[in-house]
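Heads up: the first sequence runs through residues 1 to 203, numbered per the UniProt record's numbering.
Built from N, CA and C at the ideal position, the CB exists for glycine as well.
These figures come from a predicted structure and were not determined experimentally.
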Amino acid sequence: MGRSPCCEKAHTNKGAWTKEEDQRLIGYIKAHGEGCWRSLPKAAGLLRCGKSCRLRWMNYLRPDLKRGNFTDDDDELIIKLHALLGNKWSLIAGQLPGRTDNEIKNYWNTHIKRKLLNRGMDPHTHLPSSPAPASRLANAPFASFQSSTVSFARPSPSDDGHSSSGGSSDAPRCPDLNLDLDLDLSMSLPCSPPKTAPPAKST
DNA sequence: AAAGCCCTCAACCGCATCCTG
DNA sequence: GCAGGATGCGGTTGAGGGCTT
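See the structure below:
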């Protein structure tokens, strides 16, 4: 089916945002709040698609964003969450206040993937990428997490390959596991302090 | 000092899901 | 119950910067 474009592409800017555009967007959202992304660009005087505005705000302009410097704890948490959730970046981001799904996704692809590969682990399955001796497993902190903490049955993301976007029939939102994330995570993070602070909801 | 290569991050695109009429 | 519209998510791409040769 021909999906109508989300905006009049002929009249929208694309590419990097300018300072002025940022200021307009920030000013508008401060005055009117988030929401109605489709109509926001026009109302704010921006020649941008609503999706682009939302993305810019969510990933870059939001005041509560914590940028740069992932800690080792963050790394481990992301790895564990990825083992639990797969490529559900927004869910993972939800456990890391101040971080965005895009940021985590990029960080995963650039840093953590390599980190896991260096540990001899497959970044998709979180299993040893090659038949590894037990001693090697013991060297990987996450391996112990795998075997001892994560005993839930989760079809490996790359197992079927087409788990993309969870577009499978009538499955509920998180079909793969019982997502008591808040509980499970807070009690299964051996290496991180009780940092299960809920997303900083100011006001 | 210059050229080429690699890495990182911001942004875009298309699809899936949710919500409302 | 159905259809259409809006929003959110994940994958992918391109530009810019830094590093190496």
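On the three-state DSSP scale, how would you describe residue 128? Taking the first residue of the first sequence as position 1, residue 128 is located at position 128. Residue state, collapsed to three classes: strand.
Opening and closing residue of the alpha helix (DSSP H) in which residue 30 lies: Residue numbering aside, residue 30 sits at position 30 when the first sequence is read from its first letter. Residue 30: member of the alpha helix (DSSP H) spanning 19-32, first to last residue.
Quick check on the burial criterion: 16 or more other C-beta atoms within 10 angstroms. Buried or exposed for residue 96? For the purposes of this step, residue 96 is identified with residue 96 of the first sequence, where counting begins at 1. Of the residues assessed, residue 96 falls on the buried side of the cut-off, its CB having 16 or more other CB atoms within 10 angstroms.
Looking at C-alpha atoms only, which residue of 125, 54, 118 and 41 is the closest neighbour of residue 205? Here the chain has residues from 1 to 203 only, and residue 205 is not among them.
Boundaries (first-last residue) of the alpha helix (DSSP H) holding residue 79: Taking the first sequence and counting its residues from 1, the one referred to as residue 79 is at position 79. First-last of the alpha helix (DSSP H) with residue 79: 72-85.
I'd like the list of long-range same chain contacts for residue 17, defined as Cβ closer than 6 Å, with 5 residues on each side in sequence excluded. Reading the first sequence from its first residue, position 17 is the one you call residue 17. Here the set comprises 56.
Cβ-Cβ separation, residue 100 to residue 65 (assumed contact under 8 Å), whole Å: Residue 65 sits at position 65 when you count from the first residue of the first sequence. Residue 100 sits at position 100 when you count from the first residue of the first sequence. A Cβ-Cβ distance of about 7 Å is found for the pair residue 65 and residue 100, placing them in contact under the 8 Å criterion.
State the beta-bridge partners of residue 121 as determined by DSSP. By 1-based counting over the first sequence, the position of residue 121 is 121. Paired residue(s): 128.
Just the Cα atoms here: how many angstroms apart are residue 37 and residue 90? Reading the first sequence from its first residue, position 37 is the one you call residue 37. Reading the first sequence from its first residue, position 90 is the one you call residue 90. Straight through space, the alpha carbons of residue 90 and residue 37 are spaced by roughly 19 Å.
So, is residue 162 buried or exposed, given that buried needs 16 or more other C-beta atoms within 10 angstroms? Here residue 162 refers to the residue found at position 162 of the first sequence. At residue 162, the pLDDT of 35 sits below 50, so the modelled position is not reliable; the number obtained from the coordinates is stated separately. Exposed is the call here.
Given residue 14 as reference, the closest of 32, 46 and 113 once Cα atoms are compared: By 1-based counting over the first sequence, the position of residue 14 is 14. Among 32, 46 and 113, the Cα nearest to that of residue 14 is on 46.
Can you round the beta-carbon distance between residue 12 and residue 49 to whole angstroms, since I take them to be within the 8 Å contact cut? The sequence position of residue 12 within the first sequence is 12, counting from 1. The sequence position of residue 49 within the first sequence is 49, counting from 1. For residue 12 against residue 49, the beta-carbon gap comes to about 5 Å, under 8 Å, which counts as contact.
Expressed to the nearest angstrom, what Euclidean distance is found between the alpha-carbon atoms of residue 20 and residue 114? For the purposes of this step, residue 20 is taken as residue 20 along the first sequence, with counting starting at 1. For the purposes of this step, residue 114 is taken as residue 114 along the first sequence, with counting starting at 1. Going from the Cα of residue 20 to the Cα of residue 114 covers about 37 Å.
Using only the alpha-carbon positions, how far apart do residue 32 and residue 67 sit? Here residue 32 is taken as the residue at index 32 of the first sequence, counted from 1. Here residue 67 is taken as the residue at index 67 of the first sequence, counted from 1. Looking at the backbone, the Cα of residue 32 and that of residue 67 are separated by about 25 Å.
Using CA atoms only, rank isn't needed, just tell me which of 94, 72, 30 and 24 is closest to residue 42. To locate residue 42, count along the first sequence from 1; it is residue 42. If you compare the alpha carbons of 94, 72, 30 and 24 with that of residue 42, the shortest gap goes to 24.
Can you tell me which of the three DSSP states residue 93 falls into? In the first sequence, the residue the question calls residue 93 occupies position 93. Residue 93 carries a helical assignment under DSSP once its states are collapsed to helix, strand and coil.
Is the beta carbon of residue 116 closer than 8 Å to that of residue 92? For this step, residue 92 is matched to residue 92 along the first sequence. For this step, residue 116 is matched to residue 116 along the first sequence. The answer is no: Cβ separation not under 8 Å.
Do residue 22 and residue 85 come within 8 Å of each other at the CB atom, strictly closer than that value? If you number the first sequence from 1, residue 85 lands on position 85. If you number the first sequence from 1, residue 22 lands on position 22. Against a cut-off of 8 Å, the Cβ pair of residue 22 and residue 85 comes out as no contact.
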